[in-house]
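Enquirer:
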Amino acid sequence: MIKKIISVLFSILALFILSACNNSVDHDLSSTAISNISSVIEAAGLEAEGYSTADTFGYQGFPFYIEGNKKFVDVYVDFEKDYVQKTPVLRYNSRLKEVEKKIFFGLAKKKVYRLEMEYVSGDDNYDRLEEAYNIAIYS
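Heads up: the sequence shown runs through residues -20 to -1, 1 to 119, numbered per mature numbering (1 follows the signal peptide of the UniProt record, and there is no 0).
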């Protein structure tokens, strides 16, 4: 009886470890993506509340997409609701979505406007950053 309980617990633990390894995060890519996108947002003269990648806060699935030798990551830029209402560039941006952001381990929620952008690794030209700027300003 005890052997069966231990084997079941061991198999559950093995599944958790395998799922954690399967959804491993490329921290260098996510920090580079957030750094570059935040510089684009600041260059546009906007103030974001926070930045995150798709792997943050219980994202289900793979946050990174691989095509050839390039990796793609989704970057989320959150803006405060009052700031969006005061800023005409953001108020009329059709790509902004109102979402509930979890605060303090999900105990509290806050409504923010989220702008989703895609960052491509290994792209040495600045077309992608210009594209991100156009998404933030001209949508």
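Even glycine gets a Cβ: it sits at the ideal position worked out from N, Cα and C. This structure is a prediction, so every number in the text was calculated from the model and none was measured.
1. Within a Cβ cutoff of 6 Å, which residues of the same chain sit near I(-9), ignoring the five residues on either side of it in sequence?
2. Any idea what DSSP makes of R71, helix, strand or coil?
3. Secondary structure at L95, three-state DSSP: helix, strand or coil?
4. Can you say whether L95 is buried or exposed, counting buried as having 16 or more other CB atoms within 10 angstroms of its CB?
5. If you draw a straight line from the C-alpha of V79 to the C-alpha of K91, how long is it?
6. Whole angstroms is fine: what's the gap from T33's alpha carbon to D58's?
7. Please classify L70 as buried or exposed, where buried requires at least 16 other C-beta atoms within 10 Å of its C-beta.
Expert: Well, looking at it:
1. none
2. helix
3. strand
4. buried
5. 6 Å
6. 11 Å
7. buried
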